[in-house]
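Novice:
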Amino acid sequence: MPASVWYPSVADVVSIHDNIVTEYTDTYAGIQDRGDIEFALNYIEDGHFGTSPETIHEKAFHLMRLLVANHPFVDGNKRTALNTTVVFYFFNGYRFVYDVEIRTILKRLGTDEQAVDEEETISYLRSHTEQLDLAGEIADWRDALIQYGLDQLTGDPSDPND
Numbered sequence: 004m005p006a007s008v009w010y011p012s013v014a015d016v017v018s019i020h021d022n023i024v025t026e027y028t029d030t031y032a033g034i035q036d037r038g039d040i041e042f043a044l045n046y047i048e049d050g051h052f053g054t055s056p057e058t059i060h061e062k063a064f065h066l067m068r069l070l071v072a073n074h075p076f077v078d079g080n081k082r083t084a085l086n087t088t089v090v091f092y093f094f095n096g097y098r099f100v101y102d103v104e105i106r107t108i109l110k111r112l113g114t115d116e117q118a119v120d121e122e123e124t125i126s127y128l129r130s131h132t133e134q135l136d137l138a139g140e141i142a143d144w145r146d147a148l149i150q151y152g153l154d155q156l157t158g159d160p161s162d163p164n165d
């Protein structure tokens, strides 16, 4: 785990949720309980009642679990939890490459949290993440953006996201 862990803010989580609402027109906007978002973020950073998630994967599990199980939003809790977890991993130097199994995990967290085995889920998270070379990733993006800028100046309509 990196020496310094990046934690999302309430504003970050709300922004992720707002993007989901914008993308999926059948998803209702609104926060039911901002305190539930704050609790999730405080828990992964500081713990609660003498327990604290230690590893990046434990933190990711509890972030996802609390954002789904506590239903802080009117709608889109599972998608918000998943996207927030992807961002959390990324800013901490990991790529989370999930598969269809994540849907089952998220659904269980939302309907019967006790049915989700913490160790199994953490193992799933661990096996579906890969450590990133963020410096290399940023250098690649920088190079692509420089080339895009040059192409724009010369009239080549290429896209850096291709």
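Per the numbering used here, the sequence shown starts with residue 4, numbered consecutively.
Beta carbons: idealized from backbone N, C-alpha and C, even for Gly.
Could you check whether Y97 and L135 sit closer than 8 Å to each other, using their CB atoms as the reference points?
Specialist: Working through the sequence shown from its first residue, we reach residue 135 at position 132. Working through the sequence shown from its first residue, we reach residue 97 at position 94. For L135 and Y97, yes; Cβs fall inside 8 Å.
Novice: How is the beta strand (DSSP E) around Q155 delimited, first residue to last?
Specialist: By one-based count along the sequence shown, residue 155 stands at place 152. No beta strand (DSSP E) holds Q155; the alpha helix (DSSP H) holding it covers 137-157.
Novice: Which word fits T107, buried or exposed, when buried means at least 16 other C-beta atoms lie within 10 angstroms of its C-beta?
Specialist: Taking the sequence shown and counting its residues from 1, the one referred to as residue 107 is at position 104. Result: exposed.
Novice: Tell me the rounded alpha-carbon separation between I19 and N86.
Specialist: For the purposes of this step, residue 19 is taken as residue 16 along the sequence shown, with counting starting at 1. For the purposes of this step, residue 86 is taken as residue 83 along the sequence shown, with counting starting at 1. The straight-line gap from Cα to Cα measures roughly 7 Å.
Novice: Mark T114 as exposed unless 16 or more other C-beta atoms lie within 10 angstroms of its C-beta, in which case mark it buried.
Specialist: Here residue 114 is taken as the residue at index 111 of the sequence shown, counted from 1. Exposed.
Novice: For the beta strand (DSSP E) containing T132, list its first residue and its last residue.
Specialist: Position 129 of the sequence shown holds residue 132. That run of the beta strand (DSSP E) goes 132-134.
Novice: According to DSSP, is F76 helix, strand or coil?
Specialist: Taking the first residue of the sequence shown as position 1, residue 76 is located at position 73. Reduced to three states, the DSSP call for F76 is strand.
Novice: Are at least three pairs of beta-carbons, each pair with one atom in the segment 52-59 and one in the segment 114-124, less than 8 Å apart?
Specialist: No, the segment 52-59 is not in contact with the segment 114-124.
Novice: Between the Cα of D39 and the Cα atoms of D21, V71, V8, which residue gives the shortest distance?
Specialist: The sequence position of residue 39 within the sequence shown is 36, counting from 1. Of D21, V71, V8, the residue nearest in Cα terms is V71.
Novice: Report yes if the C-beta distance between E41 and V24 is below 8 Å; otherwise report no.
Specialist: Numbered from 1 along the sequence shown, position 38 holds the residue referred to as residue 41. Numbered from 1 along the sequence shown, position 21 holds the residue referred to as residue 24. No, the Cβ-Cβ distance between E41 and V24 is not below 8 Å.
Novice: Look up Y46 in the DSSP assignment and say whether it is helix, strand or coil.
Specialist: The count along the sequence shown starts at 1 and reaches residue 46 at position 43. The answer is helix: DSSP assigns Y46 an H, G or I state.
Novice: Determine the burial state of R68: buried for a count of at least 16 other Cβ atoms within 10 Å of its Cβ, exposed for fewer.
Specialist: Taking the sequence shown and counting its residues from 1, the one referred to as residue 68 is at position 65. Flag for R68 reads buried.
Novice: Would you mind giving the Cβ-Cβ distance between A43 and L66, rounded to the nearest angstrom? I have them listed as a contact below 8 Å.
Specialist: Indexing the sequence shown from 1 puts residue 43 at position 40. Indexing the sequence shown from 1 puts residue 66 at position 63. Confirmed, Cβ separation roughly 6 Å.
Novice: Comparing alpha-carbon positions, which option in P11, T83, Y127 lies nearest V103?
Specialist: In the sequence shown, counting from the first residue as 1, residue 103 sits at position 100. Among P11, T83, Y127, the Cα nearest to that of V103 belongs to Y127.
Novice: How big is the Cα-Cα spacing for G79 and E48?
Specialist: Taking the first residue of the sequence shown as 1, we reach residue 79 at position 76. Taking the first residue of the sequence shown as 1, we reach residue 48 at position 45. Near 23 Å, if we compare the C-alpha coordinates of E48 and G79.
Novice: Along the chain, where does the alpha helix (DSSP H) that runs through N22 open and close?
Specialist: Your numbering for residue 22 matches position 19 in the sequence shown. Note, N22: alpha helix (DSSP H), 13-26.
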